[in-house]
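Structure record follows, encoded as structure tokens.
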Amino acid sequence: MSGGTPRARPFERAAHEALQDVQLRRNLAKATSAIREKRALATGELPDWQALREAGRAIKAHTVANLDHYLMRLEQSVLARGGQVHWARDAAEANSIVQTLVTATGAREAIKVKSLTTDEIGLNDALASIGVHALETDLAELIVQLAHEPSSHILVPAIHKNRSEIRELFLRSMGLKASELSDAPSDLAAAARRFLRGKFLSATVGISGANFAVADTGAVCVVESEGNGRMCTTLPQTLITVMGIEKVVPSWRAMEVFLQLLPRSSTAERMNPYTSFWTGVRHGDGPQAFHLVLLDNGRSDVLASEDRRQTLYCIRCSACLNTCPVYARVGGHAYGSHYPGPIGAILTPQLVDTPEADTLPFASTLCGACYEVCPVKIDIPSVLLDLRHRAVERRRLHRGRLAALDTEDGAMRLAAGIFAQPHRYRWVQRWARLVQRPFVKDGYVERLPGYLGGWTRTRDLPAVAGTTFREWWLEGGDDG
Ligand code: SF4
29 MSGGTPRARP FERAAHEALQ DVQLRRNLAK ATSAIREKRA LATGELPDWQ ALREAGRAIK
89 AHTVANLDHY LMRLEQSVLA RGGQVHWARD AAEANSIVQT LVTATGAREA IKVKSLTTDE
149 IGLNDALASI GVHALETDLA ELIVQLAHEP SSHILVPAIH KNRSEIRELF LRSMGLKASE
209 LSDAPSDLAA AARRFLRGKF LSATVGISGA NFAVADTGAV CVVESEGNGR MCTTLPQTLI
269 TVMGIEKVVP SWRAMEVFLQ LLPRSSTAER MNPYTSFWTG VRHGDGPQAF HLVLLDNGRS
329 DVLASEDRRQ TLYCIRCSAC LNTCPVYARV GGHAYGSHYP GPIGAILTPQ LVDTPEADTL
389 PFASTLCGAC YEVCPVKIDI PSVLLDLRHR AVERRRLHRG RLAALDTEDG AMRLAAGIFA
449 QPHRYRWVQR WARLVQRPFV KDGYVERLPG YLGGWTRTRD LPAVAGTTFR EWWLEGGDDG
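Heads up, the sequence shown is in my numbering, so the first residue is 29 and it goes up one at a time.
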């Protein structure tokens, strides 16, 4: 696929490698802190922000609980307005549908926008296999496509690159001379515009994702900042939209809530510069064929779990990524998924059943910052804990009775045994006081030997106190 398929590695290993990249950490820190600050200002402007979040969550909870009803309604509405609807159980089925549709047009190139769902199914690779080139038109998507890298952020796929890296890339891939391009954002945008303009005017097939689809009317919505999406969805003769089934909303009234929540949470804007809606087909105006591909690809399984189905409320604003201390240090590629950050840590393991995906729920400090900013109030920490529990149970099942020998399991059982009995706890405190002596400096254990050294490699451990509170209290509590 364009942008490359992320490599499947356990998060821990991928994160360790990412942390060695100083430039990456610098780029991420700068970008995420700037977006965070702007977002806080944009949401702080609205006195009813918390009420809007509640409303967003309530609408999503209702829609997801009645998903079959609203999807059928959406299908009827799209058909009634001249569009066609296709149901895809999984990535292979969705890709095959799109391949057939594109082949029927005879096109060798398609222009694309809002690519996250199509990235999930690897559509660009599937089209390449039948000789069709899919060109990304969103500026950041174009950058990662030209660099043959996967996206590293939901909203800003090239967040890991700085301006001079992008300039180098454009010089290389657009055949420009060094004197023709500076690293000023306006120059870079102008170069991309010149590169894309001809493609917009000649393409006969456009492919898009969708932010929302209104069940009552069949209107599909894409929000964006550059206007390229609007050209993608209006200029070609054929438009194919691939949409996850959870993107449906019941009515236009729901859009009033989401069109306030999404721009402020994502780009920190009061409204998106381009909010495009299209409804079926209108003779002589815009695409003359419209196909809506409704993608399941594991979403029904997410829906089946009452505790985890809130994952489907996500409106892909990326606020949780920008606020996550783990994401801000390792970046999106470490997650090995097209959905990075906290939302990726809960969505990917539910869509992709691999041991690597099962490591993602551990990619969190459980600080709760993601929950605080989520515009639809997804309780990400609770879902993370639930998925951690599932991962541990799976590991245990896989290993059978040998699970008792797992280091983490063993440590937890030992701790539980110690904390369960006061006399054991006191005995361990006395013992630890003796054993820690060679390692204590200024009240902290800075380096532990052997396996335990993993803990102190990046942090100091407070030493066990010479006199514990309990001992002090039993001795009369006199601080003199
Ligand atoms: S989980 Fe919430 S904060 Fe994160 S991308 Fe989805 S809607 Fe935004």
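Note that the Cβ used here is the ideal one computed from N, Cα and C, for glycine as well.
Open item on the list: Check whether the segment 59–72 and the segment 318–330 are in contact - that is, three or more C-beta pairs closer than 8 Å.
Closed with: no
TODO: Answer yes or no: the CB of S346 versus the heavy atoms of the ligand SF4, is any distance below 7 Å?
DONE: One-based indexing of the sequence shown puts residue 346 at position 318. Yes.
Task: Proximity to G203 [Cα-Cα], best of R191, I187 and R222 - done: Locating residue 203 in the sequence shown gives position 175, where the first residue counts as 1. The option with the nearest alpha carbon to G203 is R222.
Open item on the list: Considering Cα atoms alone, identify which of L412, Y399, P450 and L489 is closest to V471.
Closed with: Position 443 of the sequence shown, counted from the start, is the residue given in the question as residue 471. Note that residue 471 corresponds to Gly in the displayed sequence, not to Val. Of the listed residues, the one whose Cα sits closest to G471 is L489.
- [ ] My understanding is that Q173 touches A154, with C-beta atoms under 8 Å, so please give their C-beta distance in whole angstroms.
- [x] As a working note, residue 173 is residue 145 in the sequence shown. As a working note, residue 154 is residue 126 in the sequence shown. Between A154 and Q173 the Cβ distance is about 15 Å, and since that is not below 8 Å, they are no contact.
Task: For H361, the three-state DSSP class (helix, strand or coil) - done: As a working note, residue 361 is residue 333 in the sequence shown. Three-state result, H361: helix.
TODO: Look at the Cβ atom of E164, then the Cβ atom of K189, and state whether they are nearer than 8 Å.
DONE: Numbered from its first residue, the sequence shown carries residue 164 at position 136. Numbered from its first residue, the sequence shown carries residue 189 at position 161. For E164 and K189, no; Cβs fall outside 8 Å.
TODO: Grab me the residues of R136's own chain with a C-beta within less than 8 Å of its C-beta, minus the 5 sequence neighbours each way, in chain order.
DONE: Here residue 136 is taken as the residue at index 108 of the sequence shown, counted from 1. Excluding its 5 nearest sequence neighbours in each direction, R136 has C-beta neighbours in its own chain below 8 Å: G159, V160 and H161, listed in chain order.
TODO: Can you give me the Cβ contacts of V113 inside the same chain, cut-off strictly under 7 Å, excluding the 5 residues immediately before and after it?
DONE: Position 85 of the sequence shown holds residue 113. Correct list, in chain order: E103, V106, L107, L320 and L322.
Task: Through-space distance from A373 to A46, alpha-carbon basis - done: As a working note, residue 46 is residue 18 in the sequence shown. As a working note, residue 373 is residue 345 in the sequence shown. In this model, A46 and A373 are separated by some 17 Å (Cα to Cα).
Open item on the list: When you measure from the CB of I87 to every non-hydrogen atom of the ligand SF4, does any distance come out below 7 Å?
Closed with: For the purposes of this step, residue 87 is taken as residue 59 along the sequence shown, with counting starting at 1. No, Cβ of I87 sits at least 7 Å from all heavy atoms of the ligand SF4.
TODO: Give the DSSP bridge partners of T269, in chain order.
DONE: Along the sequence shown, read from residue 1 onward, the residue named residue 269 stands at position 241. Answer by DSSP bridge pairing, in chain order: S236 and L320.
Task: Cβ-heavy atom distance, V251 to the ligand SF4, below 7 Å - done: Counting from one through the sequence shown, the residue named residue 251 turns up at place 223. No.
Task: Cβ contact check for the segment 356–367 and the segment 177–188: 3 or more pairs under 8 Å - done: Below 8 Å, enough C-beta pairs join the segment 356–367 and the segment 177–188 to call them touching: three or more.
Task: Neighbour-count burial assignment, L56, 16 or more Cβ in a 10 Å radius - done: Your numbering for residue 56 matches position 28 in the sequence shown. Looking at its Cβ environment, which holds 16 or more other Cβ atoms inside 10 Å, L56 is buried.
Open item on the list: At a cut-off of 7 Å, would you count P403 as near the ligand SF4, judging by its Cβ distance to the nearest heavy atom?
Closed with: In the sequence shown, counting from the first residue as 1, residue 403 sits at position 375. It does: the Cβ of P403 is within 7 Å (strictly closer) of some heavy atom of the ligand SF4.
Open item on the list: Here's the rule: buried if 16 or more other CB atoms are within 10 angstroms of the residue's CB, otherwise exposed. What is E252?
Closed with: Here the question's residue 252 lines up with position 224 in the sequence shown. E252 comes out buried.
- [ ] Give the straight-line distance between the Cα atoms of R292 and L349, rounded to the nearest whole angstrom.
- [x] Residue mapping note: residue 292 aligns to position 264 of the sequence shown, counting from 1. Residue mapping note: residue 349 aligns to position 321 of the sequence shown, counting from 1. When rounded, the distance between both Cα atoms is 15 Å.
Task: T496 and Q457 closer than 8 Å at C-beta - done: Sequence index remark: in the sequence shown, residue 496 carries index 468 (1-based). Sequence index remark: in the sequence shown, residue 457 carries index 429 (1-based). Yes; because the gap between Cβ atoms is below 8 Å, this pair is in contact.
Task: Segment contact flag, the segment 264–272 with the segment 236–247, C-beta cutoff 8 Å, min 3 pairs - done: The segment 264–272, when compared against the segment 236–247, does touch it at the 8 Å Cβ threshold.
Open item on the list: My output table needs one value for Y479: the three-state DSSP class, helix, strand or coil.
Closed with: In the sequence shown, counting from the first residue as 1, residue 479 sits at position 451. Here Y479 sits in helix by DSSP.
Open item on the list: Quick check: what's the CA-CA separation for G326 versus R195?
Closed with: Start at 1 with the first residue of the sequence shown, and residue 326 comes out as number 298. Start at 1 with the first residue of the sequence shown, and residue 195 comes out as number 167. In a straight line, the C-alpha of G326 is about 39 Å away from that of R195.
TODO: Please report how far the alpha carbon of A132 lies from the alpha carbon of E169, in whole angstroms.
DONE: Position 104 of the sequence shown, counting from 1, holds the residue named residue 132. Position 141 of the sequence shown, counting from 1, holds the residue named residue 169. Roughly 26 Å separates the two Cα atoms.
Open item on the list: Does the distance between the C-beta of P409 and the nearest non-hydrogen atom of the ligand SF4 fall short of 7 Å?
Closed with: Here residue 409 refers to the residue found at position 381 when the sequence shown is read from its first residue. Because no heavy atom of the ligand SF4 lies under 7 Å away, the Cβ of P409 does not count as near it: no.
Task: Boundaries (first-last residue) of the beta strand (DSSP E) holding I139 - done: Sequence index remark: in the sequence shown, residue 139 carries index 111 (1-based). Per DSSP, I139 is one residue of the beta strand (DSSP E) stretching across E137 to V141.
TODO: Would you mind working out which of L229, V401, I63 and A419 sits nearest Q78, comparing C-alpha positions?
DONE: Counted from its first residue, the sequence shown places residue 78 at position 50. Of the listed residues, the one whose Cα sits closest to Q78 is V401.
- [ ] Compute the distance between the beta-carbons of A247 and V276, then report whether it is under 8 Å.
- [x] On the sequence shown, residue 247 is found 219 positions in, with the first residue counted as 1. On the sequence shown, residue 276 is found 248 positions in, with the first residue counted as 1. Against a cut-off of 8 Å, the Cβ pair of V276 and A247 comes out as no contact.
Open item on the list: Can you check which of these residues, D335, G504, R258 and I371, is closest to T303 by C-alpha distance?
Closed with: Indexing the sequence shown from 1 puts residue 303 at position 275. Ranking D335, G504, R258 and I371 by Cα distance to T303 puts R258 first.
TODO: Use the C-beta contact count for K405: other C-beta atoms within 10 angstroms, 16 or more gives buried, fewer gives exposed.
DONE: In the sequence shown, the residue the question calls residue 405 occupies position 377. Buried, by the Cβ-count rule.
- [ ] Using three-state DSSP, classify E252 as helix, strand or coil.
- [x] Position 224 of the sequence shown, counted from the first residue, corresponds to residue 252. In the three-state DSSP reduction, E252 falls in the strand class (E or B).
Open item on the list: Which residue marks the beginning of the alpha helix (DSSP H) containing F497, and which one marks its end?
Closed with: Position 469 of the sequence shown, counted from the first residue, corresponds to residue 497. Counted as a single uninterrupted DSSP element, the alpha helix (DSSP H) harbouring F497 occupies residues F497 to L502.
Task: Extent of the continuous alpha helix (DSSP H) run through L99 - done: Mapped onto the sequence shown, residue 99 falls at position 71. Segment L95 to A108, the alpha helix (DSSP H) holding L99.
Open item on the list: Helix, strand or coil for V113? Go by DSSP, reduced to three states.
Closed with: For the purposes of this step, residue 113 is taken as the residue at position 85 of the sequence shown. Strand, per DSSP.
TODO: Pick out whichever of E384, A119 and V250 has its Cα sitting closest to the Cα of L151.
DONE: Here residue 151 is taken as the residue at index 123 of the sequence shown, counted from 1. Among E384, A119 and V250, the Cα nearest to that of L151 belongs to A119.
TODO: Locate the alpha helix (DSSP H) running through E196, then write down its first and last residues.
DONE: On the sequence shown, position 168 is the one that residue 196 refers to. That run of the alpha helix (DSSP H) goes R191 to M202.
TODO: Report the rounded CA-to-CA distance for R452 versus F467, giving the unit in angstroms.
DONE: Here residue 452 is taken as the residue at index 424 of the sequence shown, counted from 1. Here residue 467 is taken as the residue at index 439 of the sequence shown, counted from 1. C-alpha separation (whole angstroms): 23 Å.
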